[in-house]
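With positions in the sequence shown counted from 1, the corresponding number in our numbering is that position plus 17.
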Amino acid sequence: MKYTDHHVHTNYSPDGEGKVEGYVLKAKEMGLEFVTFTDHADFGTKDKDFMVHIDYDKYFHMMKELEEKHNIPIKIGVEIGYEKNQKEEIRDFLGKYPFDFVISSIHYGDGRDFYLGDFFHGKNQNQSYMRYFEILLEMVENFHEYDVVGHLDYITRYGPFENKYYEYEKYKEIIDKILKKIIEKGKGIELNTSGIREEINDFYPKKQVLERYRELGGKTITIGSDSHRNIDYHAGIKEGIALLKSVGFKEISYFHKRIEKKISLNTKQTSLGY
Ligand SMILES: [Zn+2]
Ligand SMILES: [Zn+2]
């Protein structure tokens, strides 16, 4: 088993440009055993590009055809953009399609968007980050129809702040509540490697959060690049695996038809060199 990439956006995502077939060919070239896609389905967003959802009947059909053409299994996941007033709509949506894997992410809150920047208006850095974690806590306490929480501390990607870095200790208490709830509900987190390609130059979440998650008994963790372009497919997976090993994780997870499967991190090196 070679470690595959479990967070991938194609040009079916409003902000993605990666061609589905391009990813499939890249995965085959790398000798991966399967490909996973997790395009966006945002609920309650104020960003008009994200209000329109994919035609999933056509999407599943297209994936099936590519799977047969290239003879490599394709796992169809989705990245939900969660909003607390849309729980029922999200549940209905997830009930309609046979997804393999569901990431639930916070991309906005209080009717304001991170990407568009209005979330940060009238808040200083500490208030913005704290509010983000409060919104995330509300999600894990009241919504359980997902497999892993997306990019747990990625609020640092946005915001008009000169130094986007955050001190883990300042938010330890609320992060503990979030992690404990995720574990209690039998859910997981992901290690999202996109941050190492960005200004913050760190993983989402950062090492201290991963250490704490493990210390609290967290075992379910997937890994993904959050690639939006073919060129970023599998980026940072090697570094992410090394980080997970250094924190003491023995296995990583992936999902097939919403059932968790584990891959050992202790097997001898794969042909990819790690
Ligand atoms: Zn996201
Ligand atoms: Zn994403």
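Backbone N, C-alpha and C define an ideal beta-carbon position, used for all residues, glycine too.
Rounded straight-line distance, which links the Cα of residue j to that of residue i
i           : j           : result
residue 38  : residue 44  : 10 Å
residue 280 : residue 256 : 17 Å
residue 88  : residue 228 : 38 Å
residue 140 : residue 223 : 23 Å
residue 11  : residue 49  : Residue 11 falls outside the range modelled here, since the chain spans only 18 to 291, and no answer is possible.
residue 67  : residue 221 : 22 Å
residue 112 : residue 164 : 14 Å
residue 159 : residue 109 : 16 Å
residue 142 : residue 216 : 16 Å
residue 129 : residue 175 : 13 Å
residue 288 : residue 19  : Residue confidence is low: residue 288 scores 49 on pLDDT, short of 50, so the model does not pin down where it sits. No coordinate-derived value is stated.
residue 260 : residue 120 : 21 Å
residue 236 : residue 133 : 34 Å
residue 42  : residue 34  : 16 Å
residue 118 : residue 80  : 15 Å
residue 276 : residue 145 : 35 Å
residue 183 : residue 173 : 7 Å
residue 238 : residue 196 : 12 Å
residue 208 : residue 125 : 20 Å
residue 240 : residue 230 : 15 Å
residue 270 : residue 278 : 6 Å
residue 83  : residue 60  : 28 Å
residue 162 : residue 75  : 23 Å
residue 86  : residue 193 : 46 Å
residue 212 : residue 250 : 14 Å
residue 266 : residue 254 : 15 Å
residue 25  : residue 214 : 15 Å
residue 65  : residue 31  : 10 Å
residue 186 : residue 147 : 12 Å
residue 103 : residue 152 : 14 Å
residue 92  : residue 53  : 5 Å
residue 274 : residue 77  : 13 Å
Rounded Cβ spacing between residue i and residue j (contact assumed at less than 8 Å)
i           : j           : result
residue 98  : residue 122 : 6 Å
residue 90  : residue 51  : 4 Å
residue 198 : residue 226 : Actually they do not touch by this definition, with Cβ atoms about 14 Å apart.
residue 96  : residue 62  : That belief does not hold up - the Cβ atoms of residue 96 and residue 62 are roughly 12 Å apart, past 8 Å.
residue 206 : residue 154 : With 8 Å as the limit, residue 206 and residue 154 do not qualify as a contact, their Cβ atoms being about 14 Å apart.
residue 233 : residue 262 : The pair is not a contact, with the Cβ atoms about 19 Å apart (cut-off 8 Å).
residue 191 : residue 150 : 5 Å
residue 242 : residue 22  : 5 Å
residue 166 : residue 204 : 7 Å
Residues that residue i bridges to, as DSSP identifies them
i           : result
residue 56  : 95
residue 118 : 94
residue 126 : 129
residue 277 : 272
residue 41  : For residue 41, which the question treats as bridged, DSSP gives no partner whatsoever.
residue 157 : The partner list for residue 157 (beta bridge, DSSP) is empty, contrary to what the question assumes.
residue 25  : 244
residue 165 : 120, 205
Residue i CB to nearest heavy atom of ligand 3 below 7 Å
i           : result
residue 130 : Of the ligands this structure carries, namely ligand 1 and ligand 2, none is ligand 3.
CB contact check: residue i to chain D, cutoff 8 Å
i           : result
residue 255 : Reference to chain D is not applicable here, since this structure consists of a single protein chain.
* Could you name each continuous beta strand (DSSP E) segment of 3 residues or more that falls completely within the region 187-273, going from the start of the chain to the end? => 205-209, 238-241, 268-273
* To do: Please write down, chain order preserved, every residue whose beta carbon lies under 6 Å from a heavy atom of ligand 1.
  => 96, 122, 124, 167, 168
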